[in-house]
Amino acid sequence: MSHESFPTENPAVVTCGLPYANGDLHVGHLRTYVGGDAYARALEKLGQATAFVSGSDMHGTPVAVNAWREGVSPEEFALRHHEKYAETFPEFDVEFDNYGHTREETNVELTQDFVRELDDGGHIYEKEIEVAWDPEEDQPLPDRYVEGTCPYCGEHARGDECDEGCGRHLEPGEIENPTSVITGNPAEYRTREHEFLRLSEFQDYLGEFIDRLDGTANARNQPREWIEGELQDWCITRDLDWGIEYPDEEDLVLYVWVDAPIEYVASTKQYSERVDTDGYDWEEVWQDEGEIVHIIGRDIIQHHTVFWPAVLHGVGYNEPRSVMASGFVNLDGKGFSTSRNRAVWADDYLDEGFDTDLYRYYVTTGTGFQQDVDFSWERFAERVNGELVGTLGNFCYRSLLFAHRNYDGTPDSEVSAEIEERIEDAIEDFGDGVDGYSVRAIGQVPVELAQFGNEYIQGHEPWKLDDPERGTVIRDCVQLVKAIAVLAEPVMPSTAERLWSQLGESGSVHDATLDAALDAPSANFDAPEELFEKIDDDRVAELNEELEAQIAAASEDGADDTADEAGSDDAAEPAVDLPALADERIGFEAFQDLDIRVGEIELAEGIEGADDLARLEVDLGVETRQVVAGIKQLHGLDELPGTRVVVLANIEKNELFGVESNGMVLAAGEDADLLTTHADSVPGTKIR
RNA sequence: AGCGGGAUAGGAUAGCCAGGAGAUUCCGGCGGGCUCAUAACCCGCAGACCGGUAGUUCAAAUCUACCUCCCGCUACCA
46 MSHESFPTEN PAVVTCGLPY ANGDLHVGHL RTYVGGDAYA RALEKLGQAT
96 AFVSGSDMHG TPVAVNAWRE GVSPEEFALR HHEKYAETFP EFDVEFDNYG
146 HTREETNVEL TQDFVRELDD GGHIYEKEIE VAWDPEEDQP LPDRYVEGTC
196 PYCGEHARGD ECDEGCGRHL EPGEIENPTS VITGNPAEYR TREHEFLRLS
246 EFQDYLGEFI DRLDGTANAR NQPREWIEGE LQDWCITRDL DWGIEYPDEE
296 DLVLYVWVDA PIEYVASTKQ YSERVDTDGY DWEEVWQDEG EIVHIIGRDI
346 IQHHTVFWPA VLHGVGYNEP RSVMASGFVN LDGKGFSTSR NRAVWADDYL
396 DEGFDTDLYR YYVTTGTGFQ QDVDFSWERF AERVNGELVG TLGNFCYRSL
446 LFAHRNYDGT PDSEVSAEIE ERIEDAIEDF GDGVDGYSVR AIGQVPVELA
496 QFGNEYIQGH EPWKLDDPER GTVIRDCVQL VKAIAVLAEP VMPSTAERLW
546 SQLGESGSVH DATLDAALDA PSANFDAPEE LFEKIDDDRV AELNEELEAQ
596 IAAASEDGAD DTADEAGSDD AAEPAVDLPA LADERIGFEA FQDLDIRVGE
646 IELAEGIEGA DDLARLEVDL GVETRQVVAG IKQLHGLDEL PGTRVVVLAN
696 IEKNELFGVE SNGMVLAAGE DADLLTTHAD SVPGTKIR
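Numbering (my numbering), first residue to last: 46 to 733.
Take a look at the structure:
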């Protein structure tokens, strides 16, 4: 690593990517915040002065569009989500020192200061660009205010991205038949003056910066393509009412990605003002010497490793020490989809009554931070039952119970050297976890210690011993429990707190630093309680049924199948309506070119190595064809033979996973709802 | 298409940056033990030649090149 180990003399600031005030939070989003919270707590355990801040991202086109759709003001719309987020995070023990939002005065002022400073430094220039316009309403239509037809694939698309078809990014002016989302009027393109940041000037600086940057590998490497290639200047204004005004320009607002990261600074400033600069000095961290750690979803790496450091450098601020970019959370192996309601929502998790530490532990220790992690109730129960109930909970409970019954607390004896060393090793592992930006490693430390404790108590069998030998063993075990409480605090704060009070300790485990792990435990404590409850198989089945029912209900509502990424900072996508019917008409001749036949499935088997491909043999009357279809996971393959289907017979042959596909089985939607016939047309019948 | 991340026992994961003893841990399987503990815990056994190919090296899961497959990013979406 290119920086000094933690703790350093400087204050640190840990930030979490701003959630976009546009939807509800699910357990995928929460991963980044739990990781950030755990990391900030771990720094504090090391004795590092740390501020942990974030805030809601209130501006931008999606908020404006969705507010308009709901018929409320953007302010009201965004604030509602902001308040919900501010309430939800603490419920998952994500305790920001300050959680603000980008619309607050502190951020507005600071943002305008930044922009003036950049302008004074000659980093900004004006340039004319093409912008979509609604001529009837005389209103600009940035970004998502426009929809039309994708010039590449012909699908219905948003102005900025072909979201339903090929997924390509679209430049302004590229989309065909542009119309206004607001009025449905045809849109035209006009020339407008916009402000640009001379990003290209920062190329050399950024090249050095990226080599110094710590954090996860993806954050260091992904921006290289840009930084080591050719940087384009960055348009930092929008024609929009909703946003922070560009200084001295009435009809331009700043692009959200300018004011959003400045909220990191603004939020720190608010914290600083609240605790007084003696407690924490925001200017020291951001402008002088400080450890800036950004924790984000991996979908916004470029913003934090290219745009943002350039802005900071441009105004003469500190640069980030590290960027930790988290992987996504998948649900049973597939991405969350908010529009299909294929998600475990934050509120639903809480309503099930599970301790938030279970989720926190699961999501931080399941894989490395930058790797995607799969969420399933089975796996959740498995890890809770094995690692938390069986290993950690059990060791603490049996130790404290034994100690309480026989000694009314901690036996009067010295800790053995072996145990002291083992705890010192654990503390070292913990520190390595912090320096290595691995919340996973941090979270594993207490469980590994408990595992060691179980081996230790089992190996010494204190229930067969008499004092003083018995007392020594139990004394050691109690010490281990105390160390576990301290070391578990970052990832499992509420569990640590419960343990702390079971140990009869005074004060808060949240304020304890690592050396407390070796301090003598209190002489007396009450009978402990079990830390975690097992989740039985019936409960898992119930949870899965609820989830399936929830997804099924959503698909009946006709929601589309836009899958959005989990774990990203952006909150829920708006529920988009079904794509509009195609405008472009085709002739009857074009239809006649399609040879569509009734077929009957004779055989269906999965293709090895493919997740959802199945090899089918389909009787088309005149001959039997081999067809590969992406339906393996969506249908019981055993039930398919005998099913009448509709087959496009003259599609060109294709080879998938080494299996030739000679025809195409027609199906509806993402769930591959197979088309069949209503009466009893025989195989081979032509569809016309 | 380019770039980034990933591919490790039946399943899930660590190790890779700083190459080195027949590769970590969890679940599952098999066989023991214990009874303080939430039928929890402990010990032992079986099981992977670390996606493929070719290199570098005394030595490669780890470094290099190419290839295959998954996921993501690609700048006026946040």
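All C-beta atoms, glycine included, are put in the ideal place defined by N, C-alpha and C.
Which of helix, strand or coil DSSP assigns to residue i
i	result
proline 135	helix
glycine 675	coil
glycine 504	helix
tyrosine 482	coil
aspartate 734	The displayed coordinates of the chain run from 46 to 733. Any statement about residue 734 would go beyond what the structure contains.
threonine 350	helix
lysine 579	coil
threonine 669	strand
histidine 127	helix
histidine 71	strand
alanine 66	coil
tryptophan 662	The displayed chain sequence assigns glutamate, not tryptophan, to residue 662. Strand, per DSSP.
glutamate 569	Correcting the residue identity first, residue 569 is asparagine in this sequence and not glutamate. Asparagine 569 falls in the strand class under three-state DSSP.
isoleucine 596	helix
serine 421	coil
valine 690	strand
arginine 385	coil
Residue i and residue j closer than 8 Å at C-beta
i	j	result
aspartate 453	asparagine 569	yes
proline 728	glycine 644	yes
asparagine 375	aspartate 419	yes
glutamate 690	threonine 721	The residue asked about is misnamed: residue 690 is valine in this sequence, not glutamate. Cβ atoms of valine 690 and threonine 721: closer than 8 Å.
threonine 147	serine 101	yes
threonine 750	phenylalanine 373	Limits of the chain in this structure are 46 at one end and 733 at the other, which puts residue 750 out of reach.
alanine 530	isoleucine 472	no
tyrosine 442	glutamate 273	no
valine 368	leucine 297	no
isoleucine 337	histidine 349	no
phenylalanine 159	tyrosine 78	no
valine 301	valine 226	no
methionine 103	alanine 131	no
valine 355	leucine 251	Looking at the sequence itself, residue 355 is alanine, so the reference to valine does not match. The answer is yes: Cβ separation under 8 Å.
alanine 311	glutamate 149	yes
arginine 237	aspartate 284	yes
serine 91	glycine 435	The identity of residue 91 in the sequence shown is leucine, whereas the question assumes serine. No. Outside cutoff.
arginine 467	phenylalanine 497	yes
aspartate 138	threonine 401	yes
Counted within 10 angstroms of its Cβ, other Cβ atoms place residue i as buried (16 or more) or exposed
i	result
asparagine 707	buried
histidine 239	buried
alanine 745	The structure shown has nothing for residue 745, since the chain only spans 46 to 733.
proline 223	buried
tryptophan 508	exposed
tyrosine 170	exposed
asparagine 386	buried
glycine 324	exposed
Opposing strand residues paired with residue i [DSSP bridges]
i	result
glycine 193	Ala202
cysteine 61	Ile340
isoleucine 281	In the DSSP output, where bridge partners are listed per residue, isoleucine 281 has none listed.
tyrosine 144	Ser99
tryptophan 178	Pro185, Glu233
tyrosine 170	Phe241
serine 225	Val191
aspartate 304	For aspartate 304, which the question treats as bridged, DSSP gives no partner whatsoever.
leucine 433	Partner(s): none; leucine 433 has no beta bridge.
tryptophan 390	His71
glycine 379	Checking the sequence, you will find lysine at residue 379 rather than glycine. Its beta-bridge partners are Leu376.
leucine 299	Thr282
glutamate 290	Val298
valine 585	The partner list for valine 585 (beta bridge, DSSP) is empty, contrary to what the question assumes.
glycine 274	Answer is none; glycine 274 lacks a bridge partner.
lysine 731	Arg642
Beta-carbon proximity list for residue i, same chain, < 7 Å, skipping 5 on both sides
i	result
valine 460	Arg520, Asp521, Gln524
threonine 409	Val79, Gly80, Ala83, Val484, Arg485, Gly488, Val536
Cut-off 8 Å between Cβ atoms - residues of its own chain near residue i, not counting five sequence neighbours on either side
i	result
glycine 469	The question names glycine, but residue 469 is glutamate in the sequence shown. Only Leu563 meet the Cβ criterion.
Cβ-based neighbour list, residue i, same chain, cut-off 6 Å, excluding 5 preceding and 5 following
i	result
glutamate 432	Val492
asparagine 439	none
histidine 127	Ala66, Ser101, His146
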